[in-house]
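Undergrad: In full-length UniProt numbering, the protein residues as written are 1 to 210. Quick reminder that beta carbons are idealized off the backbone N, C-alpha and C, glycines included. One structure, as structure tokens, below. Some questions next.
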């Protein structure tokens, strides 16, 4: 005697019996970019500025001063435990710094909401779409810290910039929690008025190191 499950599976097999063969999908899309690194950075800067993000291109040695300038108006800010401590050697008021992760533990949502800014690194950035990808590595921290504070300062190393998405995907571990950022958080209301800061930081500043 056939069970209900057997009847259902038999019906599915009957329905699929005359189904056409699945066509093979051509894999002839672009897999690699064709621009020199300098041109790739120019494309990224153009996209980020179009998204209304602040962009600064500096040498690695200038990162600390650049971060200090961008945090001038911030009362407190979040730093993931694995971010380069040399970038914050200028800080004399340690009460401003709220570390998250590692031996410091994790900040509550209330504590994150009370901070003015967050500084993170990044995993890979796609120049063509202006998309910065975080993967939760120690220098980037968990997803919440890049979404709740109103100002996100993100450091992007030029060696981590890919021209197109297929290049970027090859560099990523798909099992990690990926956060993709394309400019400050913004949406439009029913009257098509731009509203910023609804789903994440209202302000995004990107520091590109060369």
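Measure the C-alpha to C-alpha separation of residue 129 and residue 138 and round it to an integer number of angstroms.
TA: Answer to the nearest angstrom: the Cα atoms are 25 Å apart.
Undergrad: Can you list the alpha helix (DSSP H) stretches of 4 or more residues lying completely in the region 92-134, in chain order?
TA: As far as the region 92-134 is concerned, its whole alpha helix (DSSP H) runs of at least 4 residues are 109-113.
Undergrad: Compute the beta-carbon to beta-carbon distance between residue 112 and residue 78, rounded to the nearest angstrom, for a pair I have assumed lies under 8 Å.
TA: Right, their Cβ atoms sit about 7 Å apart.
Undergrad: Check the C-beta distance from residue 125 over to residue 44 and give it rounded, since I have them as a contact under 8 Å.
TA: 6 Å between Cβ atoms; contact.
Undergrad: Specify the secondary structure class of residue 80 as computed by DSSP and reduced to three states.
TA: Residue state, collapsed to three classes: strand.
Undergrad: Going by alpha carbons, who is nearest to residue 97 out of 103, 110, 80 and 108?
TA: Closest by alpha carbon: 80.
Undergrad: Based on the DSSP secondary-structure assignment, which residues constitute the bridge partners of residue 228?
TA: The chain is shown only over 1 to 210; residue 228 falls outside these bounds and no answer can be derived.
Undergrad: Using the C-alpha atoms, what's the distance from residue 210 back to residue 37?
TA: Cα to Cα, residue 37 sits roughly 10 Å from residue 210.
Undergrad: List, from N- to C-terminal side, the alpha helix (DSSP H) runs of 4 residues or more that fit wholly inside the region 21-72.
TA: Correct list: 37-50 and 63-70.
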